[in-house]
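**Student:** Listed in order, the protein sequences are those of chains W and V. Heads up: the first sequence begins at 0 in numbering that gives the first Met the number 0, then just goes up one per residue. Heads up: the second sequence begins at 0 in numbering that gives the first Met the number 0, then just goes up one per residue. Even glycine gets a Cβ: it sits at the ideal position worked out from N, Cα and C.
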Amino acid sequence: MMPMVQVENVYKSFGALLVLKNINLEVMKGDVVCIIGPSGSGKSTLLRCLNHLERITSGRVFIEGEIIDEREAGKDQLKISQKKTSEICTELGMVFQRFNLFPHMTALQNVMEAPMTVRKLKKLEAQEIALGLLKKVGLEDKKDEFPSRLSGGQQQRVAIARALAMQPKIMLFDEPTSALDPELVGEVLEVMKDLAREGMTMLVVTHEMGFAKEVGSRVIFMDNGEIKEEGKPEDIFSNPRNERTRAFLQKVL
Amino acid sequence: MFDLIQFIPRLLKGTVITVELTLVAIVFGLLLGLLIALGRLSENAVINKFCWIYIWFFRGTPLLMQLFFFYYAFPLFFNPPLKGLTATVAAFIAFSLNSAAYLAEIIRAAIQSIDKGQMEAAKALGMNYGQAMRKIIVPQSYRRLIPPIGNEFIMLLKDTSLVSVIAMTDLMRVTHEIESQQASALIYLPAAVIYLILTTVFTVVFEKLEKKYSIYE
């Protein structure tokens, strides 16, 4: 079976700072991969390299078997048009730590915008999809509210609906609950659990160890730009082999 | 003391010209200013530099000199020299190009003040740069643009009085003519009142606009 995401020998540096070192990763269809590790370990950067929000310095990235990035010492080894980049992005839905909803649009408009602008759907079609998705995340009654009138948890659920509206095959979650008040974390995790149950392929950078344990099919521990340990959640959490993993888990659990 | 009433039609004629010039300059200034602002944000070094030079030139030289340039010097660049470039056309050009430089900087600052996460969210949804700008970034900058553009608008309205020196019969020129004929400076009072009424109208309109675009905040 072809991996949905394949990352080969990826390095990424910001100037002299090396933030990803020789990352190799395969994500199969239906996998829920939880990436844990201390701040600054490169978790978010790894996600952002998949949909071109950051460009890798060297290595190769494949999405559904198709090569979408090949670079060597910061130089492209393969030409990628902006059109192609946009196409890749529609395969990958992304949810951000700070939601990044469009503040000048209502919840419904937020969800409708990309299907209309990018996929050129008619307004009524987009609206039907958007209403369905808002219902799925439990916010149908908030469709006409602007983001500033919604709680953090509600905003993040709208953001998930917005990403799903492009019918992505893979969902990237970049610390989706880190900016939320503790009592609002649960509602967002519930929506994510539903998605996982439906078989969505997910990469989740998270500090929610409970979620990783319960929903993750695989857990990756990153530290200092490297994948230090990788395995089934029960193995990582109950029997970590790497010393750094052990130290980290001791602190957060 | 002279009878003010009889001069009102002439003053109003001058007012129409003043308003016309202001509107033309702000409309063309906004269109051109948006292009220049986008050019200043562009990663293309040539476009970026060109727009930088444009702003540098039009902000760095007196508006009055630019006005003289387009009225007297500009026609000489043509062979045979351009005849009949009226004061009105010269003023339209000079004021539009000048206000574009100021408005470009206002627009650029407003666009740059939009949270970076907005462009990232748009790109992650598959929008290209143009779509993201048009649908997401520029609309959000409107509300931030309104106060400084209102300011620019009012300054422009008053600066149009400069055209009286190239024989354009705007409100200022008309007032001055009446003053000479009547040998009475009192005519400046009703003229000042007309300027005040105009700036008040614009102030109110811009306050309304600001409210309208604040609904989502």
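So V117/W contacts chain V; which residues on that side make the cut at Cβ distance below 9 angstroms?
**Tutor:** L124, G125, M126, N127 and Q130
**Student:** How many angstroms separate the CA atom of I196/V from the CA atom of A162/W?
**Tutor:** Distance between the alpha carbons of I196/V and A162/W is about 50 angstroms.
**Student:** Thinking just about the alpha-carbon of each residue, which of T89/W, P232/W and K227/W is nearest to the one in D30/W?
**Tutor:** P232/W
**Student:** What three-state label does DSSP hand M199/W in the structure shown?
**Tutor:** coil
**Student:** Out of A72/W, S43/W, T200/W and N223/W, which one is the CA nearest neighbour of K168/W?
**Tutor:** T200/W
**Student:** Which residues share a DSSP beta bridge with V204/W?
**Tutor:** I34/W and D173/W
**Student:** Roughly how many whole angstroms lie between the Cα atoms of L19/W and L52/W?
**Tutor:** 15 angstroms
**Student:** Does the contact criterion of 3 or more C-beta pairs under 8 angstroms hold for the stretch 128 to 138 of chain V versus the stretch 112 to 127 of chain W?
**Tutor:** Verdict: yes, contact present.
**Student:** Just checking: is the beta-carbon of F210/W within a distance shorter than 8 angstroms of some beta-carbon in chain V?
**Tutor:** no
**Student:** Would you list the residues sitting across from Y10/W in a DSSP beta bridge?
**Tutor:** S57/W
**Student:** Is K223/V close to chain W? Criterion is C-beta to C-beta, closer than 8 angstroms.
**Tutor:** With chain V covering only 0 through 216, there is no way to say anything about residue 223/V.
**Student:** For Y212/V versus Y141/V, is the C-beta distance shorter than 8 angstroms?
**Tutor:** Between Y212/V and Y141/V, the C-beta spacing is below 8 angstroms.
**Student:** Does the count of Cβ pairs from the stretch 159 to 174 of chain V and the stretch 56 to 74 of chain V closer than 8 angstroms reach three?
**Tutor:** yes
**Student:** Can you tell me which of S179/V, T198/V and I165/V puts its alpha carbon nearest to the alpha carbon of A72/V?
**Tutor:** I165/V
**Student:** Whose C-alpha, out of M165/W, K11/W and I66/W, is nearest the C-alpha of M1/W?
**Tutor:** Nearest Cα to M1/W within the set M165/W, K11/W and I66/W: I66/W.
**Student:** Since R54/W and R70/W are thought to touch, with beta carbons under 8 angstroms apart, how far apart are those beta carbons, to the nearest angstrom?
**Tutor:** 7 angstroms
**Student:** In chain V, which residues lie less than 7 angstroms from M3/W when you measure between Cβ atoms?
**Tutor:** In chain order: nothing, as chain V lies at least about 17 angstroms away.
**Student:** Within the chosen definition, does the stretch 147 to 166 of chain W reach the stretch 58 to 65 of chain W through at least 3 CB pairs nearer than 8 angstroms?
**Tutor:** no
**Student:** If you drop the 5 nearest sequence neighbours on each side, which residues of the same chain put their C-beta closer than 7 angstroms to that of D180/W?
**Tutor:** Within the same chain, D180/W has close Cβ partners G151.
**Student:** Since F95/W and A120/V are thought to touch, with beta carbons under 8 angstroms apart, how far apart are those beta carbons, to the nearest angstrom?
**Tutor:** 7 angstroms
**Student:** How would you write the range of the alpha helix (DSSP H) that G29/W sits in, first residue to last?
**Tutor:** No alpha helix (DSSP H) contains G29/W, which DSSP labels as neither H nor E.
**Student:** Can you list, in chain order, the residues of its chain whose CB lies under 7 angstroms from that of T84/W, leaving out five sequence neighbours each side?
**Tutor:** Closer than 7 angstroms at the Cβ level, and outside the excluded window around T84/W, lie H51.
**Student:** Could one say the Cβ of A246/W lies closer than 8 angstroms to chain V's Cβ atoms, at least one of them?
**Tutor:** no
**Student:** Which of helix, strand or coil does DSSP assign to V258/W?
**Tutor:** Nothing in the structure corresponds to residue 258/W, since chain W is present only between 0 and 252.
**Student:** What span of residues does the alpha helix (DSSP H) with I54/V cover, start to end?
**Tutor:** A44 to G59
**Student:** Using a beta-carbon distance below 8 angstroms, is A120/V in contact with chain W?
**Tutor:** yes
**Student:** Apart from the five residues just before and just after N47/V, which ones in its own chain have a Cβ nearer than 7 angstroms to its Cβ?
**Tutor:** G38, R39 and S41
**Student:** Under the assumption that I22/W contacts V4/W (Cβ atoms under 8 angstroms), give the Cβ distance between them as a whole number of angstroms.
**Tutor:** About 11 angstroms; that fails the 8 angstroms criterion.
**Student:** K11/W: buried (16+ other C-beta within 10 angstroms of its C-beta) or exposed?
**Tutor:** buried
**Student:** Name the chain V residues that come within less than 7 angstroms of C48/W, Cβ to Cβ?
**Tutor:** Simply none; closest approach about 13 angstroms.
**Student:** Given that P138/V touches chain W, what residues does it touch there, using C-beta distances under 9 angstroms?
**Tutor:** F101, H103 and M104
**Student:** Would you mind reading off the limits of the beta strand (DSSP E) that contains M1/W?
**Tutor:** It is not in any beta strand (DSSP E) - M1/W carries neither H nor E in the DSSP assignment.
**Student:** What are the boundary residues of the alpha helix (DSSP H) that includes I106/V?
**Tutor:** A86 to Q111
**Student:** How many whole angstroms separate the CB atoms of T244/W and K227/W, which I take to be in contact at a CB cut-off of 8 angstroms?
**Tutor:** 6 angstroms
**Student:** With DSSP run on the structure shown, which of helix, strand or coil describes G149/V?
**Tutor:** helix
**Student:** Could you tell me the alpha carbon to alpha carbon distance between M93/W and K192/W, rounded to whole angstroms?
**Tutor:** 16 angstroms
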